[in-house]
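Asks: Protein chains in written order, with my numbering: chain A, 1 to 238; chain B, 239 to 507. Note that the Cβ used here is the ideal one computed from N, Cα and C, for glycine as well. Owing to the predicted nature of the structure, the values given are computational and were not obtained by experimental measurement. Pasting a structure below so you can have a look.
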């Protein structure tokens, strides 16, 4: 069985929750949601998942708990959560923007607003999912810092950005100055392609591994149990 | 026995220009739209609106009633970007206090507890500090010495919320999965107006539902308004879900045209 690019992205997202233990996985976006459920069904069986509203549910939808927004925000500050957010812009140090494009006082394009990005990034591990890797998203400097990056995180004792997953590869901040590094390429993607689509100088190690293959069992789970309607193709149609 | 029932227009007559109003619900969920319509009909303006924003903010912005908005986001949920709010921001027609979701909650909690501020581990390092130069920090007086944002109380002149059931004295009940922050909005406000799908006898409230559904206490409530479909087109589970067709119509119709039909009775067809 040959995996699609979308399925490599699912694996790359799922791996964010490996070894996380009994914490809440908060995936935002379709592919992170498939990834979180895959992790829960395989190598991270203790993860908690929500139905996207106020219920904690098992992968089959059985309700196992109640988590309304007020408790969710309290849980964030307790740190027992790893969220994977989206990003309209992200920069070299992992600052994320979902608020607006252009000058904040009068934006060229108003987006959602900061939402919970400031509290997330100061309290629990925050990863990012970017379905279309481009220079418009991977920018030298974000217009509004919503999610806090490593160059703004001095004294933030619980700040951690484990990974950034895009449709081209996986990125982390395992560099001396905590700037972004290419951690793995999805099969079929070249380093050149990633550099071309990134608006800042990316650290590229001499040897870049490929994102691991899904196992036949994982592919079956993704295709038959978790996402039989192929919602993942709406985000990455390769 | 105080009977607090009144009409939505009675509520509007008690509000005035320049007030700070908190609006309950979250995004496009259980918004007190019947009360917002009354507010729009009454032509009250120059408002400071405090809201986890949805179409309440979009409509008031489109009508030019908001001087300042205090919010962490504005969204229609199934339509991520609120078109009228976007237009207002991109034309620079409202002032914005943009804060994080947790900062907002801590601000309501501070107001409900009559505290000037509460420390919160959120905002530092982000541009929330840059765009809100009035925000101050506070350092722990204990040995950890950590610095936090001192989130100021979000005290409200009035709160507007919508729930599933209430009695005539102001005990409000939610029957859906999430209380959102409607009780806190009422506690943080000098006056609070609770609209509901149906007013019932007090004994009726717990006949079939658990006591934990009794979200809003009458001592925090000024007025009770019976407003069937009072959250429409936003969701009000389990009484009804979001009316996606009408929400789409709202999002794609020029505001004056939509308002002409909508402000009369909430109907759009």
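Along the region 74 to 89 of chain A, what residues have a CB closer than 7 Å to any CB found in chain B?
Replies: Those residues of the region 74 to 89 of chain A that come within reach of chain B (Cβ to Cβ, closer than 7 Å) are 76 and 77.
Asks: Quick check on residue 450 (chain B): buried or exposed, where buried means 16 or more other Cβ atoms within 10 Å of its Cβ?
Replies: In the second chain, the residue the question calls residue 450 (chain B) occupies position 212. Exposed is the call here.
Asks: When Cβ atoms are compared, which residues of the region 307 to 333 of chain B fall closer than 9 Å to chain A?
Replies: Residues passing the 9 Å Cβ filter: 309, 310, 311, 312, 313, 318, 319, 320, 323, 324, 325, 326, 327, 328, 329 and 330.
Asks: Of all the alpha helix (DSSP H) runs that stay within the bounds of the region 51 to 121 of chain A, which reach a length of 4 or more residues?
Replies: The qualifying runs are 69 to 78.
Asks: According to the neighbour-count rule (16 or more other Cβ atoms, all chains shown, within 10 Å of its Cβ), is residue 214 (chain A) buried or exposed?
Replies: Looking up residue 214 (chain A) in the first chain gives position 214. Classification of residue 214 (chain A): buried, given that the 10 Å Cβ count is 16 or more.
Asks: By DSSP, does residue 402 (chain B) sit in helix, in strand, or in coil?
Replies: Here residue 402 (chain B) refers to the residue found at position 164 when the second chain is read from its first residue. In this structure, residue 402 (chain B) counts as strand in the three-state DSSP scheme.
Asks: Comparing alpha-carbon positions, which option in B:410, B:350 and B:367 lies nearest residue 391 (chain B)?
Replies: Counting from 1 along the second chain, the entry for residue 391 (chain B) is found at position 153. The candidate whose alpha carbon is nearest that of residue 391 (chain B) is B:350.
Asks: Can you say whether residue 377 (chain B) is buried or exposed, counting buried as having 16 or more other CB atoms within 10 angstroms of its CB?
Replies: Taking the first residue of the second chain as position 1, residue 377 (chain B) is located at position 139. So residue 377 (chain B) counts as exposed.
Asks: Compute the distance between the beta-carbons of residue 299 (chain B) and residue 323 (chain B), then report whether it is under 9 Å.
Replies: On the second chain, residue 299 (chain B) is found 61 positions in, with the first residue counted as 1. On the second chain, residue 323 (chain B) is found 85 positions in, with the first residue counted as 1. Yes, the pair counts as a contact, with Cβ atoms nearer than the cut-off.
Asks: Using 8 Å as the Cβ pair cut-off and three pairs as the minimum, do the region 353 to 369 of chain B and the region 118 to 126 of chain A touch?
Replies: The answer is yes - the region 118 to 126 of chain A touches the region 353 to 369 of chain B, with three or more Cβ pairs under 8 Å.
Asks: Can you grab the Cα-Cα spacing for the pair residue 189 (chain A) / residue 67 (chain A), in whole Å?
Replies: In the first chain, counting from the first residue as 1, residue 189 (chain A) sits at position 189. In the first chain, counting from the first residue as 1, residue 67 (chain A) sits at position 67. Going from the Cα of residue 189 (chain A) to the Cα of residue 67 (chain A) covers about 40 Å.
Asks: Please classify residue 333 (chain B) as buried or exposed, where buried requires at least 16 neighbouring CB atoms within 10 angstroms.
Replies: The sequence position of residue 333 (chain B) within the second chain is 95, counting from 1. Looking at its Cβ environment, which holds fewer than 16 other Cβ atoms inside 10 Å, residue 333 (chain B) is exposed.
Asks: To the nearest angstrom, report how far apart residue 116 (chain A) and residue 374 (chain B) are at their CA atoms.
Replies: To locate residue 116 (chain A), count along the first chain from 1; it is residue 116. To locate residue 374 (chain B), count along the second chain from 1; it is residue 136. So the alpha carbons of these two residues sit roughly 19 Å apart.
Asks: DSSP state of residue 478 (chain B), grouped into three classes?
Replies: To locate residue 478 (chain B), count along the second chain from 1; it is residue 240. Strand at residue 478 (chain B).
Asks: What are the start and end residues of the beta strand (DSSP E) that includes residue 306 (chain B)?
Replies: In the second chain, the residue the question calls residue 306 (chain B) occupies position 68. Here the beta strand (DSSP E) through residue 306 (chain B) covers 304 to 309.
Asks: Would you mind giving the Cβ-Cβ distance between residue 28 (chain A) and residue 97 (chain A), rounded to the nearest angstrom? I have them listed as a contact below 8 Å.
Replies: Walking along the first chain from the start, residue 28 (chain A) turns up at place 28. Walking along the first chain from the start, residue 97 (chain A) turns up at place 97. Not really, about 15 Å apart at Cβ, beyond 8 Å.
Asks: What's the gap between the Cα of residue 337 (chain B) and the Cα of residue 352 (chain B)?
Replies: Position 99 of the second chain, counted from the first residue, corresponds to residue 337 (chain B). Position 114 of the second chain, counted from the first residue, corresponds to residue 352 (chain B). For residue 337 (chain B) and residue 352 (chain B), the distance between alpha carbons rounds to 20 Å.
Asks: Among the residues of its own chain, which have a CB less than 7 Å from the CB of residue 43 (chain A), if the five just before and after it don't count?
Replies: For the purposes of this step, residue 43 (chain A) is taken as the residue at position 43 of the first chain. These residues qualify, in order along the chain: 18.
Asks: Closer than 9 Å, CB to CB, is residue 19 (chain A) near chain B or not?
Replies: Within the first chain, numbered from 1, the residue matching residue 19 (chain A) stands at position 19. So no, residue 19 (chain A) is outside the interface.
Asks: Does the region 443 to 461 of chain B come close enough to the region 272 to 291 of chain B to have 3 or more Cβ pairs within less than 8 Å?
Replies: The region 443 to 461 of chain B, when compared against the region 272 to 291 of chain B, does not touch it at the 8 Å Cβ threshold.
Asks: Beta-carbon of residue 394 (chain B) versus every beta-carbon of chain A: anything under 9 Å?
Replies: Within the second chain, the letter at position 156 stands for residue 394 (chain B). For residue 394 (chain B), the answer is no, since every Cβ of chain A falls outside 9 Å of its Cβ.
Asks: Could you spell out the range, first to last residue, of the beta strand (DSSP E) harbouring residue 264 (chain B)?
Replies: For this step, residue 264 (chain B) is matched to residue 26 along the second chain. Residue 264 (chain B) -> no beta strand (DSSP E), and no H or E assigned at all.
Asks: Quick one: which chain A residues come within Cβ less than 9 Å of residue 262 (chain B)?
Replies: Translated into positions along the second chain, residue 262 (chain B) becomes position 24. The premise fails here: residue 262 (chain B) is roughly 12 Å from chain A at the closest Cβ pair, so nothing lies under 9 Å.
Asks: Below 8 Å on C-beta distance, what does residue 32 (chain A) contact in chain B?
Replies: Translated into positions along the first chain, residue 32 (chain A) becomes position 32. Those within 8 Å of residue 32 (chain A) in chain B number zero; the least Cβ separation is about 16 Å.
Asks: For residue 292 (chain B), tell me which candidate among B:494, B:470, B:463 and B:495 has the shortest Cα-Cα distance.
Replies: For the purposes of this step, residue 292 (chain B) is taken as the residue at position 54 of the second chain. Nearest C-alpha to residue 292 (chain B): B:470.
Asks: I need the straight-line Cα distance from residue 367 (chain B) to residue 357 (chain B), nearest angstrom please.
Replies: Translated into the one-based positions of the second chain, residue 367 (chain B) becomes position 129. Translated into the one-based positions of the second chain, residue 357 (chain B) becomes position 119. Rounded to the nearest angstrom, the two C-alpha atoms are 14 Å apart.
Asks: Any contact of the region 255 to 262 of chain B with the region 279 to 288 of chain B, i.e. 3+ C-beta pairs under 8 Å?
Replies: The region 255 to 262 of chain B vs the region 279 to 288 of chain B: in contact.
Asks: Taking the straight line between their C-alpha atoms, what separation do you get for residue 8 (chain A) and residue 164 (chain A)?
Replies: As a working note, residue 8 (chain A) is residue 8 in the first chain. As a working note, residue 164 (chain A) is residue 164 in the first chain. Spanning the two alpha carbons is a distance of roughly 14 Å.
Asks: Show which residues of chain A have a CB atom less than 9 Å away from the CB atom of residue 408 (chain B).
Replies: Along the second chain, read from residue 1 onward, the residue named residue 408 (chain B) stands at position 170. Correct list: empty, because the minimum Cβ distance to chain A is about 21 Å.
Asks: Between the beta-carbon of residue 420 (chain B) and the beta-carbon of residue 410 (chain B), is there less than 9 Å?
Replies: Your numbering for residue 420 (chain B) matches position 182 in the second chain. Your numbering for residue 410 (chain B) matches position 172 in the second chain. Yes, the pair counts as a contact, with Cβ atoms nearer than the cut-off.
Asks: Is it buried or exposed for residue 52 (chain A), if we count other Cβ within 10 angstroms and need 16 for buried?
Replies: Here the question's residue 52 (chain A) lines up with position 52 in the first chain. Label assigned to residue 52 (chain A): exposed.
Asks: Run the CB neighbour count on residue 216 (chain A), radius 10 Å, all protein chains shown included, and call it buried at 16 or more, exposed below.
Replies: As a working note, residue 216 (chain A) is residue 216 in the first chain. The residue is exposed, with fewer than 16 neighbouring Cβ atoms inside 10 Å.
Asks: Taking buried to mean at least 16 other C-beta atoms within 10 Å of its own C-beta, is residue 205 (chain A) buried or exposed?
Replies: Within the first chain, the letter at position 205 stands for residue 205 (chain A). With fewer than 16 Cβ atoms within 10 Å of its Cβ, residue 205 (chain A) is classed as exposed.
Asks: Is there a Cβ from chain B that is less than 9 Å from the Cβ of residue 155 (chain A)?
Replies: Working through the first chain from its first residue, we reach residue 155 (chain A) at position 155. Cβ-Cβ to chain B under 9 Å: yes for residue 155 (chain A).
Asks: Considering only the beta carbon of each residue, do residue 195 (chain B) and residue 309 (chain B) sit closer than 9 Å?
Replies: The question about residue 195 (chain B) has no answer, for chain B in this structure spans 239 to 507.
Asks: If contact means a Cβ-Cβ distance below 7 Å, which residues of the region 352 to 372 of chain B contact chain A?
Replies: Against chain A - using a Cβ distance shorter than 7 Å - the residues of the region 352 to 372 of chain B are 359, 360, 361, 362, 363, 364, 365, 366 and 369.
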